[in-house]
């Protein structure tokens, strides 16, 4: 936890004084071993970040005097459309998009997605939020990626994808593609990542007939979690990579 | 499993006929649902890859007629020096370096590595191999990364790192570095990735006084597993990325 995330619905005693008593209080006490008077890095969920001085701390509560003045770090230049992965991978995938500061993650159905995956309890909004927060706490971000579920492939591609792209190029990852994602022009884009085994040819053809262009991530078949991180890492190379 | 990996110590009935009866046989029967006469993609651990025709298959054994003619995919251009991560991450990290075809992974001690991590049963050679094989089966590789453990930081840096680099540049990831890994010259290199919380300043200074140059991976703090994949993904951008 490199940033203590405060929520607008926390117990605010004034505009700048907040009292917390949950896992964040435990973290401050037991991991950071902070004491009264110490300064912590904090952020307001959906808002700015800054410092907090511990006004008081006991076995249950931590009371913070908060000063927020800094903007959150910039967003990643890619939005992601990802075939719903095995539930086992979901938590890590939410954490990853949050770590990289992705604005939108669209989870879609596709031929190689098992129907049962859509029933996973890990897709409940509170479980998604919990995993996103873990990534944001890591990378010191206060802005959560917006996660949307699209359980029908064709309507998503035909009716929604164009609007989502809104003029940005759309790249679809496909092992045999003639062009590397690493070599496409810089700038904002939407990148589609398939399931284990990849998109089927019909899906690639449909998406490419409407909006997308095929790109590869090198010559190797990668797991979904590795492929997603690979896409986001390559998307860093053409933004301003100066440390913020 | 995109490649059935055969071992030289498997039960070879001749130079090209092999009988298997373990989890690979189960996979062929139950996941691939293959039957006699079907062709599978196979590789010989440490050697070439190719096709195998199923000669016979029953509830226990699968007998394969193997023809190996293709070279394994090219290696990644980076060797990796990684601070020993939390045991929970180890399996995924071994899988990742194998997926990307890294030649050498050096796990080292550093100030923020907990001593207890070195006792993890996941560092036993057979557990490491098992995790590497999972990555190689994914990315269709027959060559395993060589994993070496270096439980003492200073002797490793002072006595071994120079020889390991063997004239290649050495990059050490550090959040505030002036240069992005994505912007360094192409070519083979050794890349060092720190633990949760990063290398401490003393470590960075020591390594840089001897051989390394600092690079960053963007402006965000990343988890160790994300940072490692990020390094390897950025290392793809300047090799031949043509599909093989």
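Chains as they are written, first to last, in my numbering: chain A, 178 to 421; chain B, 178 to 421. Note that CB positions come from ideal geometry on N, CA and C, so glycine has one too.
Test item: CB-CB of residue i and residue j under 9 angstroms
{"i": "residue 423 of chain A", "j": "residue 312 of chain A", "result": "No information on residue 423 of chain A is available, as it lies outside the stretch 178 to 421 that chain A covers here."}
{"i": "residue 245 of chain B", "j": "residue 219 of chain B", "result": "yes"}
{"i": "residue 257 of chain A", "j": "residue 384 of chain A", "result": "no"}
{"i": "residue 309 of chain A", "j": "residue 324 of chain A", "result": "yes"}
{"i": "residue 284 of chain B", "j": "residue 261 of chain B", "result": "yes"}
{"i": "residue 182 of chain B", "j": "residue 221 of chain B", "result": "yes"}
{"i": "residue 408 of chain B", "j": "residue 368 of chain B", "result": "yes"}
{"i": "residue 394 of chain B", "j": "residue 357 of chain B", "result": "yes"}
{"i": "residue 264 of chain A", "j": "residue 316 of chain A", "result": "no"}
{"i": "residue 278 of chain B", "j": "residue 305 of chain B", "result": "no"}
{"i": "residue 350 of chain B", "j": "residue 410 of chain A", "result": "no"}
{"i": "residue 322 of chain A", "j": "residue 274 of chain A", "result": "yes"}
{"i": "residue 272 of chain A", "j": "residue 400 of chain B", "result": "yes"}
{"i": "residue 404 of chain A", "j": "residue 348 of chain A", "result": "no"}
{"i": "residue 402 of chain B", "j": "residue 270 of chain B", "result": "yes"}
{"i": "residue 354 of chain A", "j": "residue 413 of chain B", "result": "no"}
{"i": "residue 248 of chain B", "j": "residue 226 of chain B", "result": "yes"}
Residues near residue i by beta carbon distance below 7 angstroms, same chain, minus five either side
{"i": "residue 184 of chain B", "result": "222"}
{"i": "residue 295 of chain B", "result": "261 and 328"}
{"i": "residue 233 of chain B", "result": "213 and 240"}
Beta-carbon proximity list for residue i, same chain, < 8 angstroms, skipping 5 on both sides
{"i": "residue 387 of chain B", "result": "334, 335, 338 and 339"}
{"i": "residue 214 of chain B", "result": "230 and 231"}
{"i": "residue 286 of chain B", "result": "260, 261, 295, 327, 328, 329, 330 and 333"}
{"i": "residue 373 of chain B", "result": "262, 263, 289, 400 and 401"}
{"i": "residue 297 of chain B", "result": "264 and 267"}
Contacts around residue i, its chain only, beta-carbon distance under 6 angstroms, and the 5 residues preceding and following it disregarded
{"i": "residue 228 of chain A", "result": "216 and 244"}
{"i": "residue 209 of chain B", "result": "none"}
{"i": "residue 201 of chain B", "result": "181"}
{"i": "residue 212 of chain A", "result": "none"}
{"i": "residue 188 of chain A", "result": "196"}
{"i": "residue 343 of chain B", "result": "none"}
{"i": "residue 178 of chain B", "result": "204 and 314"}
Residue from the options with nearest C-alpha to residue i
{"i": "residue 378 of chain B", "options": "B:199, B:288, B:254 and B:343", "result": "B:288"}
{"i": "residue 365 of chain A", "options": "A:401, A:193 and A:253", "result": "A:253"}
{"i": "residue 203 of chain B", "options": "B:226, B:195 and B:238", "result": "B:238"}
{"i": "residue 346 of chain B", "options": "B:248, B:301, B:293 and B:255", "result": "B:255"}
{"i": "residue 303 of chain B", "options": "B:268, B:276 and B:199", "result": "B:268"}
{"i": "residue 224 of chain A", "options": "A:236, A:318, A:297 and A:307", "result": "A:318"}
Residues that residue i bridges to, as DSSP identifies them
{"i": "residue 242 of chain B", "result": "B:194 and B:230"}
{"i": "residue 181 of chain A", "result": "A:219"}
{"i": "residue 271 of chain B", "result": "DSSP output for residue 271 of chain B lists no bridge partner at all."}
{"i": "residue 313 of chain B", "result": "Per DSSP, none; premise fails for residue 313 of chain B."}
{"i": "residue 260 of chain B", "result": "B:285"}
{"i": "residue 349 of chain A", "result": "A:369 and A:391"}
{"i": "residue 188 of chain A", "result": "A:196"}
{"i": "residue 255 of chain B", "result": "B:366"}
{"i": "residue 301 of chain A", "result": "Paired residues: none, contrary to the question."}
Residue i: CB within 8 angstroms of a non-hydrogen atom of the ligand MN
{"i": "residue 239 of chain B", "result": "Of the ligands one can find in the structure shown there are none, so the ligand MN has no counterpart to examine."}
Check each residue of the stretch 294 to 327 of chain A: if its Cβ is closer than 7 angstroms to any Cβ of chain B, include it; give the result in chain order. 315, 316 and 317
Proximal residues, the stretch 344 to 376 of chain B versus chain A, C-beta separation under 7 angstroms: 352, 353, 357 and 359
Report the residues of the stretch 217 to 230 of chain A with a CB closer than 9 angstroms to any CB of chain B, ordered along the chain. none
Near-chain A residues of the stretch 382 to 403 of chain B (beta-carbon distance less than 9 angstroms), N- to C-terminal order: 393, 394, 395, 396, 397, 398, 399, 400, 402 and 403
Members of the stretch 260 to 278 of chain A that neighbour chain B once the beta carbon cut-off is set at 9 angstroms: 269, 272, 273, 276, 277 and 278
Return the residues of the stretch 234 to 250 of chain B that lie within a Cβ-Cβ distance of less than 8 angstroms from chain A, sorted by chain order. 250
Can you pull out the residues from the stretch 200 to 218 of chain B whose beta carbon lies closer than 7 angstroms to at least one beta carbon of chain A? none
Check each residue of the stretch 181 to 193 of chain A: if its Cβ is closer than 7 angstroms to any Cβ of chain B, include it; give the result in chain order. none
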